[in-house]
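To start, the structure itself, in structure tokens.
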Amino acid sequence: VFLLDYYFRLMDPSIAARILGHADFHTAAALDLFNCQMIRYYRQNLDSEKHDAAYASLMESYWRAVPKEKLTELFRNLLTTGKSNHTAALMVLQNMDMDNLIYLQQKPEFRSEAMLEFFKELGGDIKKLIVDNVNIYDFVYRLAADLNDNDYLAFLEEFTLFMIQIRIARSMTDEAHALQNNQGKISLSDLVQLLQHIPDNSREMTLQLMQQENLIQAGTVQGLLDALRQTPDS
-1 VFLLDYYFRL MDPSIAARIL GHADFHTAAA LDLFNCQMIR YYRQNLDSEK
49 HDAAYASLME SYWRAVPKEK LTELFRNLLT TGKSNHTAAL MVLQNMDMDN
99 LIYLQQKPEF RSEAMLEFFK ELGGDIKKLI VDNVNIYDFV YRLAADLNDN
149 DYLAFLEEFT LFMIQIRIAR SMTDEAHALQ NNQGKISLSD LVQLLQHIPD
199 NSREMTLQLM QQENLIQAGT VQGLLDALRQ TPDS
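For the sequence shown, our numbering begins at -1 and goes up steadily by one.
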């Protein structure tokens, strides 16, 4: 399996993904390949100095181009093979774009109590999923609404302020990426100008997200917050 994974990585990612996504490529084989990716991911996170930074994300290399149908099959199988694979399922879910999530929403097997229970077991930790992919909140909210789970809907509605903050943070982070120069840097003055017009209670989360995406260093967060408090619009 590792040899096949090695050759897939030598190919153009779109070609490898097309092979993996073919109907005749068994899901069990795709799961074996995904296990190779998970091993690399865990190694990188345990010792980032010795392993390629590309594996800081689970969906790298040809996995970025895997068709949504195959990604959905993978997600379903990870869910049904025991709780030990739930973490991997969550990682796949985090990397699904809106098209993937809409595709899931339309599949009857995902509009189920078992699927909702998967999210309910996370409790407040569902916030960690939402930070990486805000579309997941809408997906889970629609799922709870479809199943008339009013208690869980009330629980999700408690996150209203958090959702406003994270959407602002995501929007500002995307804008900051667009302001990067050729060296991938953004000036502190540009950051202050970008952030000074957003609500005070959204700034810290925005800076934390920018730090996660390597736009700023951890040591500059407090300095930026202090500078923003001193601007006339604060």
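All residues carry an ideal CB built from backbone N, CA and C; glycine is no exception. Remember, it's a predicted structure, so these values are computed and weren't measured experimentally.
query, result
"Rank I37, E119, F23, R109 by C-alpha distance to the C-alpha of L72 and give the top, closest one.", "F23"
"Return the CA-CA distance between N199 and D123, expressed in angstroms with no decimal places.", "21 Å"
"Taking the straight line between their C-alpha atoms, what separation do you get for M233 and E173?", "Nothing about residue 233 can be reported from this structure: the residues present for the chain run from -1 to 232 only."
"Entirely within the stretch 126 to 159 and at least 4 residues each: give me those alpha helix (DSSP H) ranges in chain order.", "133 to 144, 148 to 155"
"Quick check on Q220: does DSSP put it in helix, strand or coil?", "helix"
"Got a sec, what are the start and stop residues for the alpha helix (DSSP H) I60 sits in?", "Here the sequence assigns Tyr to residue 60, which means Ile is not the residue at that position. Careful: Y60 lies outside any alpha helix (DSSP H) and carries neither H nor E."
"Which residue comes first and which comes last in the alpha helix (DSSP H) that contains V(-1)?", "From DSSP, V(-1) is part of no alpha helix (DSSP H); its letter is neither H nor E."
"Whole angstroms are fine: how far does the CA of R74 sit from the CA of I17?", "20 Å"
"Thinking R168 and V132 are a contact (beta carbons under 8 Å), I'd like their distance in whole angstroms, please.", "6 Å"
"Measure from the alpha carbon of F117 to the alpha carbon of each residue in L29, Q104, L77, then state which is nearest.", "L77"
"Beta-carbon separation of Q103 and R140 under 8 Å?", "yes"
"Leaving out five residues before and five after D130 in sequence, what residues of the same chain have Cβ atoms less than 7 Å from its Cβ?", "Q92"
"Taking R109 as part of the alpha helix (DSSP H), name the residues at either end of that continuous run.", "Note, R109: premise wrong, no alpha helix (DSSP H); not H, not E."
"Please report the distance separating the alpha-carbon of L192 from that of H84.", "38 Å"
"Could you say which of T25, C34, M36 lies nearest to T70 if we only look at CA atoms?", "T25"
"Taking the alpha carbon of M113 as the reference point, which residue from K125, D147, I128, K126 has its own alpha carbon closest?", "D147"
"Starting from the Cα of S59, find the closest Cα among A15, L223, Y101, A27 and give me that residue.", "A15"
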